[in-house]
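Per UniProt numbering, the very first residue in the sequence shown carries number 1; after that it's consecutive. Worksheet: one structure, shown below.
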Amino acid sequence: MDFEIRKDLRPQGPRRSDTEREEHLRLVDLGMGNTEACRIIGINRRTGKRRLYGRQASARYRAAPPVVDRGLPWQAPEPPARPEEPVGPSRYLTEADRIHIADRLRETASVRAIAAELGRSPSTVSREIRRNRTLMPGPPRPPTGLSPATGKAT
């Protein structure tokens, strides 16, 4: 290693050492962590981090890009495109699910049986029953659960 730590370790101000920067990036490219590379070179860990990742804008400083845009090996690739249609059951019950629950309750089916038919958790079905029952005896009124939220008339 032909790099030598500078003798004067005081802050350099606006003048920065290109050899330190190049050596830091070389050590990180070899697989060494930022903290260890900074310790070997003799720079602050935050300086090394700023060289690798850039700097966000703050009240004192303007934003700065990374020193070298190298396409860091540990950066994640682009995430896959999101599917258009939801794959499984959504978080909310559909109107068809609510009607199915009301019909099966009229047939005196158990909450667990209804949940198994819909592929939902029994707690979801019991919550739907509890929230949409009227004060008068009888089955829940299914269209009232989703329609007001979406603005559709039933």
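Virtual Cβ for every residue (Gly too), placed ideally from N, Cα, C.
Mind reading off the beta-carbon distance from residue i to residue j? Whole number of angstroms is fine, and I expect it under 8 Å.
i	j	result
I41	E20	6 Å
G54	A64	5 Å
R106	I114	At roughly 11 Å, the Cβ-Cβ gap does not stay under 8 Å, so R106 and I114 are not in contact.
R45	N34	7 Å
Going by the beta-carbon positions, is the gap between residue i and residue j smaller than 9 Å?
i	j	result
H24	R51	yes
R98	E128	yes
R120	L93	yes
Can you say whether residue i is buried or exposed, counting buried as having 16 or more other CB atoms within 10 angstroms of its CB?
i	result
Y61	exposed
S17	exposed
T154	The predicted model places T154 with a pLDDT of 49, which falls under 50 and marks its position as unreliable, so this point remains unresolved.
T124	buried
A96	exposed
A81	exposed
A57	exposed
A37	buried
residue 155	This structure gives no information on residue 155, because the portion of the chain shown stretches from 1 to 154.
Sequence ranges, beta strand (DSSP E) only - wholly within the UniProt domain "Transposase IS30-like HTH" (91-132), length at least 3: Segments of the beta strand (DSSP E) lying fully in the UniProt domain "Transposase IS30-like HTH" (91-132): there are none.
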